[in-house]
Amino acid sequence: AQSVTQLGSHVSVSEGALVLLRCNYSSSVPPYLFWYVQYPNQGLQLLLKYTTGATLVKGINGFEAEFKKSETSFHLTKPSAHMSDAAEYFCAVITNQAGTALIFGKGTTLSVSS
Amino acid sequence: EPEVTQTPSHQVTQMGQEVILRCVPISNHLYFYWYRQILGQKVEFLVSFYNNEISEKSEIFDDQFSVERPDGSNFTLKIRSTKLEDSAMYFCASSEARPGPPGGAEKLFFGSGTQLSVL
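The listed protein sequences correspond, in order, to chains Z and E. According to my numbering, the first sequence is numbered sequentially starting from 7. According to my numbering, the second sequence is numbered sequentially starting from 66.
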């Protein structure tokens with residue numbers, strides 16, 4: 007069965023600091039992995055995704071994530087936080103062949119202070 | 066960028082009443098979804114819809130739930146007899162193709178949600 011665990015429901019950083027949001031997945035087959043972001047009063051938006059190939063993937067707004075099979079992780083990073091990065095971030099996985107159901111983590115709320 | 070539109074943004078209903086949540090997916094998309102998020106919990110998959118039929122559904126999507134694409138532009142979720150535990154934020158989403166392997170990984174576009182409160 008697929009599952010996603012996001013460590014830390016709330017992460018606070020200062021503007022300019024490194025952002026690290028953790029995601030671990032459970033899957034018996036190679037997964038497709040996604041990070042979505044939700045700004046207040048908006049729907050979820052795709053930040054980046056991993057399917058196959060290069061394990062370091064770059065997304066929008068300066069975010070990137072690295073797929074580490076040995077650690078079953080897909081942590082999201084950004085070198086320098088901006089105030090506008092404050093939002094809720096969701097990691098998701100899908101493994102089923104021809105599947106349509108994304109399995110989401112509980113989400114991590116990122117706060118950025120000046 | 067094109068948007069998925071959901072109405073209403075908030076819906077309050079009495080337990081046992083029927084409720085219909087409405088969504089207008091992006092016009093050239095072929096896959097449609099409903100997800101929900103109970104306060105403080107995970108975003109959960111309910112159902113996907115493709116080619117005018119349910120493609121996949123979760124255990125949550127029991128006989129009380131149904132989906133319909135009545136006119137080629139709207140996509141609705143009906144809850145026949147609401148329960149207190151149905152209170153949640155319901156998200157509609159659409160995509161051009163499916164998100165899963167092989168070869169998919171298609172981006173889902175989500176609406177901003179309908180907050181359903183069952184009293």
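Beta carbons are placed, not taken as given, at the ideal position from N, Cα and C, and that holds for glycine.
Proximity test, Cβ basis, 8 Å: residue i and chain E
i         : result
Tyr152(Z) : Since the first and last residues shown for chain Z are 7 and 120, residue 152(Z) lies out of range.
Lys64(Z)  : no
Asn47(Z)  : yes
Lys75(Z)  : no
Thr106(Z) : yes
Phe110(Z) : yes
Phe96(Z)  : yes
Closer than 8 Å to chain Z by CB, residue i
i         : result
Gln180(E) : no
Tyr155(E) : no
Pro67(E)  : no
Glu118(E) : no
Pro90(E)  : no
Backbone CA spacing between residue i and residue j [nearest angstrom]
i         : j         : result
Met89(Z)  : Asn47(Z)  : 17 Å
Trp41(Z)  : Gln129(E) : 31 Å
Leu82(Z)  : Leu53(Z)  : 10 Å
Ala162(E) : Phe110(Z) : 19 Å
His9(Z)   : Tyr31(Z)  : It is Ser, not His, that sits at residue 9(Z) in the sequence shown. The straight-line gap from Cα to Cα measures roughly 6 Å.
Gly65(Z)  : Ala104(Z) : 24 Å
Asn117(E) : Leu108(Z) : 20 Å
Thr147(E) : Leu181(E) : 10 Å
Distance CB(residue i)-CB(residue j) smaller than 8 Å
i         : j         : result
Ser120(E) : Phe114(E) : yes
Lys75(Z)  : Val25(Z)  : no
Leu142(E) : Leu86(E)  : yes
Ser18(Z)  : Ser119(Z) : yes
Phe175(E) : Leu39(Z)  : no
Identified DSSP bridge partners for residue i
i         : result
Arg87(E)  : Thr72(E), Thr141(E)
Gln44(Z)  : Leu50(Z), Glu94(Z)
Thr154(E) : The residue asked about is misnamed: residue 154(E) is Met in this sequence, not Thr. Partner(s): Gln102(E), Gln180(E).
Thr115(Z) : His16(Z), Glu94(Z)
Leu5(Z)   : It is not possible to answer for residue 5(Z), since the shown part of chain Z is limited to 7 through 120.
Cβ contact (3+ pairs, closer than 8 Å) linking the segment 146-166 of chain E and the segment 98-107 of chain E: yes
Segment contact, 8 Å Cβ cut-off, at least three pairs: the segment 42-59 of chain Z with the segment 88-98 of chain E: no
Contact between the segment 100-115 of chain Z and the segment 71-90 of chain E (3+ Cβ pairs under 8 Å): no
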